[in-house]
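Okay, structure first, notes after.
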Amino acid sequence: MAEKAVPSVNTESIEEALHRLSKKPGVKAWLMLDRTNGAVLKTNGQISTVRPARSTDRKTSLPSPTGGSFSTDVSTSTDNETLAAQELASMVWSFLSTAGSLVDEIDSEDELKLLRLRTKKQELVIVPEV
């Protein structure tokens, strides 16, 4: 039985791009999420400067839209940062899922490449590929 060919992701180039992104002026933080369930894979910066954690129960894991829970294996220094990352990831995942559904409804052969959300205080750039 033949195995499915899984495209290899050049981890080194991703790390390099994220490092360059971190050095850009105005970049406060970034999150890397799992494409299948929205779990937090990696973070950089202070997520709480983008959105402070608001949950009062720190022991509760946040459900992802697919029914799993977000990983607690996040490279941040405090529980508050981890919680802030999980909460923001949950909101981003929900936004991404909704936008992806919109694209599918418009044209099922098309795909979402980039989301950019600008507010008075923040800008979020979401790249679902990689």
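Each residue of the sequence shown is one higher than the last, beginning at 464 in the working numbering. The C-beta atom is built at its ideal place from N, Cα and C for all residues, glycine as well.
Asked, Found
"Bridge partner(s) assigned by DSSP for K505", "M495"
"Beta-carbon separation (whole angstroms), A496 vs V503, contact threshold 8 Å", "Sequence inspection shows Leu at residue 496; the Ala mentioned does not correspond to that position. Between V503 and L496 the Cβ distance is about 6 Å, and since that is below 8 Å, they are a contact."
"For R581, the residue or residues it bridges with in DSSP", "E586"
"Span of the alpha helix (DSSP H), counted from its first residue to its last, around N543", "D542 to I569"
"Which listed residue (E478, L559 and S485) has its alpha carbon closest to that of E574", "L559"
"Endpoints, alpha helix (DSSP H) assigned at K486", "T474 to K486"
"Backbone CA spacing between P591 and L577 [nearest angstrom]", "7 Å"
"Local Cβ density within 10 Å of L551, reported as buried at 16 or more and exposed below that", "buried"
"A480 classed as buried or exposed, judged by whether at least 16 other C-beta atoms fall within 10 angstroms", "exposed"
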